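By this note's numbering, the letter at position 62 of the sequence shown is numbered 96, and the numbering carries on one by one without gaps. Backbone N, C-alpha and C define an ideal beta-carbon position, used for all residues, glycine too. Computed from a predicted structure; not experimentally measured. What follows is a set of notes on a single structure, which appears directly below.
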Amino acid sequence: MTLLKNKSGQATTELAIFGSLILICLAVLISYSQNLQEQQILQQQVFRKALKKAYNDNAFVSYNIIKNPRTVSPFSRFGEGGRGSTSAGASVSWCLGEGEEKSYYQVNEDVLEIPSDSKIWDIETEATTSYQAKETRFEDEVKISSIKKAALTDTITTRLKVEEGSDIVITQGLDSDGRYRQSAVGRETTEERIWTTPHQ
C-alpha cells in the first residue's frame with residue numbers, strides 16, 4: 035500500500051513539472067509569434083509611409099519607425115501586459131528633377147523630421163513603470179463578487195544620438211489605446227474585472 039502511494043505521489047510530481055514546462059514553452063511561443071507579427075506589419079508599414087512622404091515632398095526620403103508594441107504576456111500581472119521593441123526602415127526616391135533628401139523618424143505615434151545635417155548613429159531607450167493593483171471581495175444575500183483593479187503608468191524616453199550635435203530626445207506615455215505618444219506622458223491606464231458567483 036505504501037509503495038502504491040509513493041508511485042502515485044511520484045506520478046503527480048512528474049505531471050506537475052511536465053505540465054509547467056509545457057505551459058512555459060507555450061508562453062514563449064505566443065510571445066515569439068506576437069513579436070514576429072509586429073515586425074512583419076512594421077516592415078510593410080514603413081515602406082508605405084516612406085513612399086507617401088517621398089511623393090508629397092518630391093524628395094528622396096529615408097523613413098524609420100521605432101515602436102514599443104504592447105503584447106499579451108503570460109508572465110505579467112493583471113492589466114499590465116508586456117512591452118516589446120521593434121524597428122524598421124525604408125528609403126524611397128520619388129521626385130521630379132533634383133529632389134532634396136529628407137529623413138524622418140517615427141517613434142511610436144510621433145513623427146520627427148531630422149535635420150539634413152544630423153546623422154543618427156545610435157538609439158537609446160529608457161522606461162519607467164508604475165503599477166498598482168487592488169482586489170476586493172464582498173458578499174450579499176444574492177451573490178459573491180470579486181473585483182480586481184489595476185492602474186499602470188508607463189513612460190518611455192527615446193534618445194536619438196546625433197553624430198555631431200545635440201541628441202534628439204522624445205518622452206512618451208502609454209495611452210488608453212495601448213500606444214505611446216507625447217500627449218500621454220503621465221497618463222494612467224486602468225483595467226477592471228468583476229467576477230460574480232450567485233448563491234445556489
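Restricting to Cα atoms, I'd like to know which of 144, 211, 83 and 139 is closest to residue 150.
139
Going by DSSP, what residue range makes up the beta strand (DSSP E) through residue 153?
Unbroken run through residue 153: none, as it is neither H nor E.
Which stretch, first to last residue, makes up the beta strand (DSSP E) that contains residue 206?
202 to 208
For a quick check, are the C-beta atoms of residue 111 and residue 167 less than 9 Å apart?
yes
Limits of the beta strand (DSSP E) - the one that residue 232 falls within:
223 to 232
Give me whichever residues DSSP pairs with residue 98 in a beta bridge.
123 and 139
For residue 141, which of 164, 184 and 214 has the nearest alpha-carbon?
214
Based on the DSSP secondary-structure assignment, which residues constitute the bridge partners of residue 148?
137
Suppose you measure from the CA of residue 207 to the CA of residue 186; what does that come to, to the nearest Å?
11 Å
Contact belief for residue 157 with residue 192 at Cβ below 8 Å, rounded distance in angstroms:
7 Å
Using DSSP with H/G/I as helix, E/B as strand and the rest coil, what is residue 130?
coil
Taking the Cβ atom as the reference point for each residue, do residue 134 and residue 91 lie within a distance shorter than 9 Å?
yes
Please report how far the alpha carbon of residue 75 lies from the alpha carbon of residue 227, in whole angstroms.
31 Å
Helix, strand or coil for residue 52? Go by DSSP, reduced to three states.
helix
Between 51, 98, 210 and 204, which lies nearest to residue 223 when the distance is taken from Cα to Cα?
210
For residue 124, is the classification buried or exposed, using 16 other Cβ atoms within 10 angstroms of its Cβ as the cut-off for buried?
buried
Give the straight-line distance between the Cα atoms of residue 143 and residue 163, rounded to the nearest whole angstrom.
19 Å
Along the beta strand (DSSP E) that carries residue 179, what are the first and last residues, could you check?
177 to 196
According to DSSP, is residue 158 part of a helix, a strand, or is it coil?
strand
Below 8 Å, is the gap between the Cβ of residue 110 and the nearest heavy atom of the ligand SAM?
Among the ligands in the structure shown, none appear at all, so the ligand SAM cannot be discussed.
Drop a sphere of 10 angstroms on the beta-carbon of residue 217, count the other beta-carbons inside from all chains shown, and report buried for 16 or more, exposed for fewer.
exposed
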